[in-house]
Amino acid sequence: MTAQTYERVPAATWRKRKSQESMLFASIDRILRNPQGVIAISGLLLLAALAIGAGVITKYGATAQSYPGAARFLAPSLDHPFGTDELRRDLFARTLFGLRSSLVISISAVSIGATMGISAGFVAGYAGGWTERIMMRVVDSLLAFPGLLAAMAILTILGPGTRNVGIAVAFFNIPAFCRLSRAQMLSEKNKDYVFASQALGAGPIRIIFGHIARNALPPLLTQVSLAMNSAVLLSASLSFLGLGDKPPTPSLGGLLNSSKSNLRDAWWYAVCPGATLAFLLLCLNFMADAVNDAINPFARRRA
Amino acid sequence: MLLLSSICVFLVLRLVPGDPADAVAGQDATPERVAEVRVQLGLDKPVLQQYVNWLGDLARGDMGTSLRNGIPVSRLLKLSLPPTLELAFVAYIIALSIGIPLGVMAGANPRSFWDWLLSGYTLVTIGIPSFLSGILLLWLFGVILGWFPISGRVAFTDDPLSSLRHLALPAFALGAGLAAVLARYTRTAVAEVMGHDYIRTAKAKGLTQRVVVARHALRNSLIPIVTIAALQAGGIMAGAVVIEQVFTRPGMGRLVVEAIQNRDYMVVQSALIVLVTIFVMVNLAADIAYGFLDPRVRRR
């Protein structure tokens with residue numbers, strides 16, 4: 202057993218080092234030098250390319266039911282890399298289109314949720330006082346909910362459907378972003394450059410979004426990649442429960458759900474879309490780790 | 337706290353755009369019919385009064401009736417809750433009995449076989465959500481090997497053995513994923529404690545590694561472990577709802593999913609408040625447990 206050694210960096214040195222570099226460029230550089238980051242980025246690019254090019258890559262449509270020579274439950278082959286399903290549809294095409302809708306939902310939900318959460322958090326942090334107290338109470342009680350249950354509550358009123366799943370996922374993202382961005386705001390708002398622009402007569406909106414946001418945003422990137430991960434997971438769970446896309450529109454969760462009743466005839470039905478989902482989640486998780494390491498290099502070394 | 341979350345359940349269901357009365361009355365209802373339904377449900381009253389009415393009914397055990405078939409919600413819940421609780425409980429035990437030992441071994445022996453095992457285990461479970469591992473288990477053990485039944489539930493009081501056989505796969509699918517999270521936090525907590533001076537003193541006294549870890553390190557790292565274990569209760573409840581769909585088990589999952597599809601918001605509202613209450617209770621229990629685990633908390 203060797204005693205653990207900690208690297209102690211005085212706060213002043215750390216701040217100086219940080220200010221010497223452009224944080225964004227330095228972070229991207231660190232992600233690219235991290236093997237996890239490289240795996241994540243190449244994996245995500247591959248998946249994104251497959252999702253975007255879904256219509257070109259496969260010669261079959263997502264919902265086309267029959268074409269010459271196709272049969273039910275064909276095992277994976279060169280012609281049908283992921284096999285076919287109970288209605289003679291090509292599962293590779295369905296998986297890719299499902300992947301596309303999964304990515305579209307997650308990306309749009311996270312951007313909407315993050316924008317709303319971050320703006321609210323910045324305002325709360327900057328305003329302080331009662332505004333802050335009330336907003337944070339609301340956020341705390343929202344955070345107490347398991348995400349899936351909150352999303353279900355929203356879907357009850359909106360009704361099932363892709364767009365509504367997106368809204369539910371976005372809503373579920375607001376509290377976490379709000380909390381984090383408020384903390385960022387609190388640490389930034391008493392810095393000299395804020396006083397300087399206040400002295401120059403800048404209004405709160407300009408100070409928050411023009412000055413503070415630039416410095417407070419990069420650390421929130423970790424949360425963005427974490428949120429992407431949980432958004433993919435949440436939307437897949439909801440579509441698995443049958444609360445997302447209506448069949449025949451494919452979704453990763455929906456494919457897994459219908460694979461369930463055909464396990465006896467077609468193992469690839471569950472395994473192929475499942476592996477795609479697992480690969481996506483793994484890449485997003487690696488990405489979150491890599492972004493976290495890049496933005497906060499000392500956190501990892503200490504652990 | 338409970339009151340706060342009841343406000344939340346209520347507000348989320350009210351503030352989300354879309355009118356429950358519309359949902360209840362159906363898609364092509366006339367405006368008059370919608371208005372009628374609104375009065376019937378008490379939705380024409382001010383929001384605050386609606387909330388107080390609902391809370392009062394709740395306190396008296398009256399959760400209203402299902403909008404679809406008129407069955408009292410409390411009866412629906414009485415039927416659906418036991419299967420879910422039993423699944424969540426067994427899954428929780430599986431998660432604890434895999435997660436904590438693995439985390440302790442990995443935390444006490446960094447860069448050992450156990451640490452490596454934990455990283456591997458985490459890597460596998462990160463990518464595989466519980467419903468996916470559920471399907472894979474179902475395929476392997478249910479369909480190919482035929483060791484376990486693939487769906488349904490048997491009450492424990494009817495046939496304990498068969499009940500456990502029905503529970504095994506879903507509980508494992510649910511517990512295994514949470515075990516990874518638990519193990520990661522346990523590892524961090526134990527590894528941190530292992531760096532303290534009193535651990536060095538204990539070792540210098542000549543105590544064996546096992547005694548040092550079990551008596552000194554584990555006891556001092558219990559607080560963060562209990563905290564995270566209690567927070568996991570929410571994940572277990574939500575996960576059970578999904579896993580039940582994989583294994584076609586009756587329970588809260590089926591109740592809630594069907595209610596959402598029928599937009600039966602009376603049922604969803606009460607089911608959610610029950611799930612959230614359980615979650616809050618578990619966390620309260622954790623808070624109380626701190627006092628037993630750490631004398632310093634008691635004195636404060």
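Protein chains in written order, with our numbering: chain U, 202 to 504; chain F, 337 to 636. Note that the Cβ used here is the ideal one computed from N, Cα and C, for glycine as well. Everything numeric in this text was worked out from a predicted model, so none of it was measured.
Same chain, Cβ closer than 6 Å to residue i, five either side skipped, listed in chain order
{"i": "F:P353", "result": "The predicted model places F:P353 with a pLDDT of 49, which falls under 50 and marks its position as unreliable, so this point remains unresolved."}
{"i": "U:T259", "result": "F293 and A294"}
{"i": "U:N458", "result": "F441"}
{"i": "F:A442", "result": "W450, D451, L454 and R523"}
{"i": "U:A250", "result": "none"}
{"i": "U:L453", "result": "G299, S303, A437, P474 and L478"}
{"i": "U:I232", "result": "G238, A491 and A495"}
{"i": "U:N493", "result": "T423"}
Closer than 8 Å at the beta carbon, the chain C residues around residue i
{"i": "F:Q597", "result": "No chain C appears in this structure, whose protein chains are U and F."}
Beta-carbon contacts of residue i that lie in its chain and below 7 Å, excluding the five residues immediately before and after
{"i": "F:I572", "result": "A424, A427, Y428, L510 and L514"}
{"i": "F:L558", "result": "L629"}
{"i": "F:F477", "result": "W483, F484 and L505"}
{"i": "F:L412", "result": "S402, L591 and V603"}
DSSP beta-bridge partners of residue i
{"i": "U:D291", "result": "U:T285"}
{"i": "F:T401", "result": "F:P408"}
Short Cβ contact (8 Å threshold) for residue i with residue j
{"i": "F:I579", "j": "F:S466", "result": "yes"}
{"i": "U:S228", "j": "U:I413", "result": "no"}
{"i": "U:N365", "j": "U:V311", "result": "no"}
{"i": "U:G299", "j": "U:P474", "result": "yes"}
{"i": "F:F583", "j": "F:S487", "result": "yes"}
{"i": "U:T357", "j": "F:I614", "result": "no"}
{"i": "F:T458", "j": "F:R501", "result": "no"}
{"i": "F:I290", "j": "F:A507", "result": "With chain F represented from 337 up to 636, any question about residue 290 of chain F goes unanswered, as that position is not in the structure."}
{"i": "F:L518", "j": "F:G439", "result": "yes"}
{"i": "F:A525", "j": "F:I561", "result": "yes"}
{"i": "U:A428", "j": "U:A315", "result": "yes"}
{"i": "U:G360", "j": "F:R590", "result": "no"}
{"i": "U:I319", "j": "U:L401", "result": "no"}
{"i": "F:M588", "j": "F:S402", "result": "no"}
{"i": "F:N556", "j": "F:V577", "result": "no"}
{"i": "U:Y470", "j": "U:G284", "result": "yes"}
{"i": "F:R585", "j": "F:R447", "result": "no"}
{"i": "U:R380", "j": "U:G322", "result": "yes"}
{"i": "U:T332", "j": "U:L456", "result": "no"}
{"i": "U:Q481", "j": "U:L275", "result": "For clarity, residue 481 of chain U is Leu in the given sequence; the question names Gln instead. No, the pair does not count as a contact, with Cβ atoms beyond the cut-off."}
For residue j and residue i, the rounded distance between their alpha carbons
{"i": "F:I462", "j": "F:L474", "result": "19 Å"}
{"i": "F:I609", "j": "F:A538", "result": "48 Å"}
{"i": "U:I439", "j": "U:A397", "result": "Residue identity check: residue 439 of chain U is Leu in the sequence provided, not Ile. Distance between the alpha carbons of U:L439 and U:A397 is about 48 Å."}
{"i": "U:P405", "j": "U:S431", "result": "33 Å"}
{"i": "F:G456", "j": "U:A489", "result": "18 Å"}
{"i": "U:A255", "j": "F:V618", "result": "46 Å"}
{"i": "U:S382", "j": "F:F484", "result": "48 Å"}
{"i": "F:Q385", "j": "F:L391", "result": "10 Å"}
{"i": "F:Q545", "j": "U:P282", "result": "53 Å"}
{"i": "U:F378", "j": "U:L418", "result": "11 Å"}
{"i": "U:A467", "j": "U:G244", "result": "27 Å"}
{"i": "F:P419", "j": "F:V593", "result": "15 Å"}
{"i": "F:A516", "j": "F:P367", "result": "53 Å"}
{"i": "U:L483", "j": "U:F410", "result": "33 Å"}
{"i": "U:S342", "j": "F:G482", "result": "45 Å"}
{"i": "U:V305", "j": "U:L246", "result": "14 Å"}
{"i": "U:A241", "j": "F:A621", "result": "40 Å"}
Cβ-based neighbour list, residue i, same chain, cut-off 8 Å, excluding 5 preceding and 5 following
{"i": "U:A352", "result": "V366, A369, V370, F372, F373, L435 and L439"}
{"i": "U:V395", "result": "E389, I408, H412 and I413"}
{"i": "U:L387", "result": "G326"}
Check: residue i C-beta below 7 Å from any heavy atom of the ligand NAD
{"i": "U:S382", "result": "Ligands in the displayed structure: none, and consequently the ligand NAD is not present."}
Near-chain F residues of the segment 302-323 of chain U (beta-carbon distance less than 7 Å), N- to C-terminal order: For the segment 302-323 of chain U, which is checked against every Cβ of chain F, not one residue is closer than 7 Å.
Residues, ordered as in the chain, of the segment 458-477 of chain U that lie near chain F by beta-carbon distance below 8 Å: Only those residues of the segment 458-477 of chain U whose C-beta falls short of 8 Å from the nearest C-beta of chain F are listed: N458, S460, K461, L464, R465, W468, A471, V472 and G475.
Positions along the segment 436-469 of chain F whose CB lies within less than 7 Å of some CB in chain U: Cβ proximity to chain U below 7 Å picks out I462, G463, I464, P465, F467 and L468 from the segment 436-469 of chain F.
Interfacial residues, the segment 606-629 of chain F to chain U, with Cβ spacing under 8 Å: Taking 8 Å as the Cβ-Cβ cut-off against chain U, the residues of the segment 606-629 of chain F that qualify are L608, L611, V612, F615 and V616.
Contact residues within the segment 349-360 of chain U, judged by C-beta distance below 8 Å to chain F: Cβ contacts with chain F: L349, L350, A351, M353, A354, I355, L356, T357, I358, L359 and G360.
Residues within the segment 419-445 of chain U neighbouring chain F, beta-carbon criterion of under 7 Å: Residues of the segment 419-445 of chain U that bring their beta carbon within less than 7 Å of a beta carbon in chain F comprise L434, A437, S438, F441, L442, G443 and L444, in sequence order.
Residues within the segment 330-346 of chain U neighbouring chain F, beta-carbon criterion of under 7 Å: Answer set for the segment 330-346 of chain U: S342, L343, A345 and F346.
Contact set between the segment 410-421 of chain F and chain U, restricted to residues whose Cβ is under 8 Å from the partner: Answer set for the segment 410-421 of chain F: empty.
Interfacial residues, the segment 239-266 of chain U to chain F, with Cβ spacing under 8 Å: Closer than 8 Å at the C-beta level to chain F, one finds no residue of the segment 239-266 of chain U.
Under 7 Å (Cβ pairs) to chain F, residues found in the segment 482-495 of chain U: Here the close residues are L482, L483 and N486.
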